[in-house]
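Those protein sequence lines, which keep their order, are chains Y and W. Using numbering that gives the first Met the number 0, the letters of the first sequence correspond one by one to residues 0 to 154. Using numbering that gives the first Met the number 0, the letters of the second sequence correspond one by one to residues 0 to 787. Ideal placement from N, C-alpha and C gives every residue a C-beta, glycine not left out.
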Amino acid sequence: MTITLTVNREERIFSGDPRTPLVDVLRDHLRMTGTKAVCREGFCGACMVHVDGAPMASCLLPVGSLDGAAVTTIEGVATMEHLNAVQQAFEDHDVVQCGMCFPGMVMTMSRFFQTNTSPDRDEIKAAMTGNICRCTGYERIIDALMSIRTNEVTS
Amino acid sequence: MQNNADAAVMNFPRRDARDKLLGRTKYTIDVGGSEVIHAVLLRAEVASAQVLRLDVEAARSMPGVRAIATWEDAPGAHGIGIADHPIFARDVIRYHGEPIAAIAAETLEQAHAAAQAITLELAPLPAVLTMAQALEKDAPLVHPDWKDYDILFEGAARGGNVAWEATVARGDTDAAFDRPDVTIVDGVYRVGRQSHVPFEPRAVVAAFEDGRHHIQTSTQVPWTVRHVTARVLNIPESQVRVTVPAVGGGFGLKFDCSLEPYAAILAKKSGRVVSLVNSRREEQMTCLCRENAEIRIRSAVTADGEIVGREATVLMDCGAYGGEQVFLTTMTAHTLGGNYRLGSVRLSSRAIYTNTPPNGAFRACNGVYNTFALERHTDEICDAIGMDRMEFRCRNVVGDQDIGATGQIFEGNVLRPMIDRMQALCAKHPNGRENGQRLDDGRIYGRAMTVGTWFIFVGPSAATVNLNVDGSATLVTSGVEIGSGSMMHALPQIVAAGLGIAPEQVIVKTADTDAAGRDLGVGGGRTTVSIGAASAAACDEVRDKLLAVASEMLQTAPEQLVLADGRVEIRGRPGSGTTIQKVVAEAETRTGPISGSGAFTAPGIEAMPGCAAGHFIDAIDIPVFAVHDCELAIDPDTGQVEILAYRVVQDVGRALNHRAIHGQIQGGVVQGMGYALHEEITINDQGCFDQTGFEAYRLPLAQDVVPIEFDLFEGAPSCGPLGTKGAGEVPILNVGATIGCAIANATGKQVSQLPLTPPRVLALLDGRDEPLALDHISAVWSNNTLRR
């Protein structure tokens, strides 16, 4: 079966088992390894991508269901020179540790700030609940996100 | 050495953040492409069995298969203290998940299919799944041939299912317990296993290049990987090169060699680059967990709170092979035997074989549960003699010139002033609440403060610093960036301060055993201390060479020269000197490029002779202390515990990067909250973990946590560079203790176990919890040792 989808605004064609999870198509077939497969059961959020603008866990998405879809991955939200506002806040506050959860967190929170530009701390925490981090204990990440509440976020 | 401590203190940001945020960082799991083939392990699905037949011939001819390895390919056994661990099961399977064969094929699917084609015939053997079973008279032995194993470290008692026993005996505890003026307090405690859950599982990519193995791996210990791989393959260590890309979390799990030898064998056999990555299920089900432990403590205490005698036995489940637990038996003397002055003490710390997956190292290993047991026991003592909990601690914590369990003499008053600092921190938030009080929403309030003792695992490190013609410096060590940031923050800060350059000008080479000298690894809070000290020593040599050349150029004695802002200046005359680049250029014409090497190892603090037996470390070179305070609320309908506030006073020696230490405290305490409240691996009657993934193993989430308030205690004695101590490991130390004590205070009930899951807390509240009984640990201490 052949599936055509756009990944980071570029058309891609996948020929293979339509049940293949999107995360494996990205990592193994397109060799875009920024999206991380950690739990592979939709709990950790490390494999979050945007599908037609909505954040989704790519481990749970059979590629066969994505014909014609527009997928944005962590490789597509910023350039080397210009981070998006969420990434910039994380860098400025020096909150990254091992880094494995951050691509997914960036995807979730970039989208969240498009829907809520001035969230309070509890709203940010609620939005973060689907992204597990084993290193940081979250609060410094929340501090960083609080600093961009009134800024515009693009992704 | 000029005083450059202040120059090293800054909130220098980590340089690897941007690539990590862009998804550009290549971890070991991200190494791939069409040239890489994929390996899987055939693992045992029973806990204990005899292997009757293993036949891989059919699998060899399966599509895409490039190599298969079994025990015949790995003749050697490895271990810590005892060489008890072959990497493949041969005649006997000792745990659920034990590797039997390794298969490499063009695709992962082909490798899995070939694994299914291997013929394996087994005959079941009886299994011991708990330490109580393992210690029964006539229990089946996990290692019937234990007497025949190579001993790698002498001095311990061993026997049957007791893999290793370390004992401490100082003073006459019998006389102390016989005193007419003492109250005897006897307590038992139990904790479960904690899984590290690093987001990058254990993973390796191996190649065979120019007659040598090249192993790229997600590890904390490149030199251990080199050593163990060579040992089990029965080849010289020099034939193994280990390099380490960015590591996606370790927490101690990657302090052992694990998957590397399998990939190395397959790479040589196939001539291909082989990737071997644990699936999340494998990673979880063979996690080298923080071990489950069972503890009994008896204390003889006078009416005014003097601990005249203490006897304790700690059983540590090492699983099917000794591993880290053999070493960690040592730590009981310094954790359970820590915190308080003891008139006399006897300790038995035992690693017990069971037919369960082996355990390993986990952030503040051993200390976390021994601190829980010790602090709960301390509160039980206070109740028994009618003394306030803080008053008891203030009277008894170790201070300057006090002796520890093994007779080492502590220097400096540290814990006592730290308690004062904690009381000052708490006084900023008076709330008038009392333990057991009902809050407005009906929940029960609880609070506790505890103390803890941990250490820095020093030992050998090496560093080379090359001063480059552009004035930058390259630091070459075997240090690994596992996420904690030591390689990104402290090390460039130390080198920059040592050479008078900016930390951005310090290039930090990633670990490569072909490039850097030997190192014990990244763990035990040792990176800043041990690698930092070696790096500082290398900088000293560089500076001496640099100033010797500059001295001639500037016609000024070296001691009148200072290094700052990338220049060599005549002291007191800024702008009078020249740039480092010019001195390096001049040096190249005279003596050649400038580099320096440095080394560090354990300074070797002494214990009292004869106190400790079977210990790898008799005394701790750098003690680290912590004081924690927790406020929480318990929902009496659900047993759910919410942390309301959490405070830490931590002994850091000198804080080089306040912001980075904050990150470690927040992250470490939250990992401890998971351990205290909901993280637990349980083992079913098949000897298999019940928690196979994220659904069943409950990690802390953003909504579970609170900002940790903290105060860094600086100035305690340390042999670390610039007076530092490691700050990343210790934050987890007394979280289980503090939450456990707070729940005991809130409920007025006996808290003897962790984690305190909602069902367990509800049982406490309702009086349905059965008192913990550990009948296999005798109240007569000497019955709990092989040396009797």
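Alpha-carbon to alpha-carbon, residue j and residue i
i, j, result
"Ala101(W)", "Arg279(W)", "18 Å"
"Asn115(Y)", "Pro98(W)", "50 Å"
"Gly470(W)", "Met79(Y)", "26 Å"
"Gly318(W)", "Asn354(W)", "6 Å"
"Pro12(W)", "Ala612(W)", "45 Å"
"Ala372(W)", "Asp185(W)", "11 Å"
"Glu151(Y)", "Gly129(Y)", "For Glu151(Y), the pLDDT reaches just 47, beneath the cut-off of 50, and the residue's location in the model is therefore unreliable, although a value from the coordinates is still provided. One C-alpha to the other measures close to 23 Å."
"Glu164(W)", "Ile79(W)", "13 Å"
"Ser154(Y)", "Val76(Y)", "With a pLDDT of 43 at Ser154(Y), under the threshold of 50, the modelled position of that residue is not reliable, and no figure is offered here."
"Gly366(W)", "Leu327(W)", "9 Å"
"Gln1(W)", "Ile660(W)", "At Gln1(W), the pLDDT of 42 sits below 50, so the modelled position is not reliable and the matter cannot be decided from this model."
"Pro221(W)", "Gln554(W)", "46 Å"
"Asn7(Y)", "Ser217(W)", "29 Å"
"Glu433(W)", "Gly445(W)", "7 Å"
"Ala292(W)", "Ala332(W)", "15 Å"
"Lys544(W)", "Gly597(W)", "14 Å"
"Leu763(W)", "Pro635(W)", "10 Å"
"Asp180(W)", "Ala383(W)", "13 Å"
"Tyr696(W)", "Ile123(Y)", "24 Å"
"Gly722(W)", "Val475(W)", "22 Å"
"Val648(W)", "Asp316(W)", "31 Å"
According to DSSP, residues forming a beta bridge with residue i
i, result
"Ile351(W)", "Val161(W), Asp316(W)"
"Leu562(W)", "Val567(W)"
"His84(W)", "His77(W)"
"Asp710(W)", "Val648(W)"
"Ala447(W)", "Cys629(W)"
"Phe454(W)", "Pro622(W)"
"Arg432(W)", "None; Arg432(W) has no bridge partner."
"Tyr339(W)", "Val396(W)"
"Ser14(Y)", "Thr1(Y)"
"Arg42(W)", "Pro98(W)"
Short Cβ contact (9 Å threshold) for residue i with residue j
i, j, result
"Arg566(W)", "Gly499(W)", "yes"
"Ala262(W)", "Val203(W)", "yes"
"Leu771(W)", "Val190(W)", "no"
"Ser460(W)", "Ala533(W)", "yes"
"Ala46(W)", "Gly441(W)", "no"
"Leu134(W)", "Ile296(W)", "no"
"Val30(W)", "Glu138(Y)", "no"
"Gly788(W)", "Gly482(W)", "Nothing about residue 788(W) can be reported from this structure: the residues present for chain W run from 0 to 787 only."
"Leu424(W)", "Asp703(W)", "no"
"Pro796(W)", "Leu466(W)", "For chain W, the structure presents residues 0 to 787; residue 796(W) sits outside this window and is missing."
"Thr72(Y)", "Thr34(Y)", "yes"
"Arg345(W)", "Ala311(W)", "yes"
"Phe454(W)", "Ile664(W)", "no"
"Gln407(W)", "Asp171(W)", "no"
"Ser594(W)", "Thr463(W)", "yes"
"Gly451(W)", "Arg394(W)", "no"
Local Cβ density within 10 Å of residue i, reported as buried at 16 or more and exposed below that
i, result
"Lys19(W)", "buried"
"Arg271(W)", "buried"
"Thr356(W)", "One detail in the question is off: residue 356(W) reads as Pro in this sequence, not Thr. Flag for Pro356(W) reads buried."
"Met47(Y)", "buried"
"Ile92(W)", "buried"
"Val779(W)", "exposed"
"Ile28(W)", "buried"
"Lys146(W)", "exposed"
"Ala586(W)", "buried"
"Arg759(W)", "buried"
"Asn683(W)", "exposed"
"Asp90(W)", "exposed"
Fully enclosed by the segment 459–540 of chain W, which beta strand (DSSP E) runs are 3 residues long or longer?
-> 460–466, 472–475, 505–507
What are the start and end residues of each continuous alpha helix (DSSP H) run of 4 or more residues lying completely inside the segment 30–112 of chain Y, in chain order?
-> 84–91
Complete runs of the alpha helix (DSSP H) confined to the segment 108–184 of chain W [at least 4 residues] | 130–133, 172–177
Return the chain-ordered ranges of every alpha helix (DSSP H) run that is complete within the segment 366–393 of chain W and spans a minimum of 4 residues.
-> 366–384
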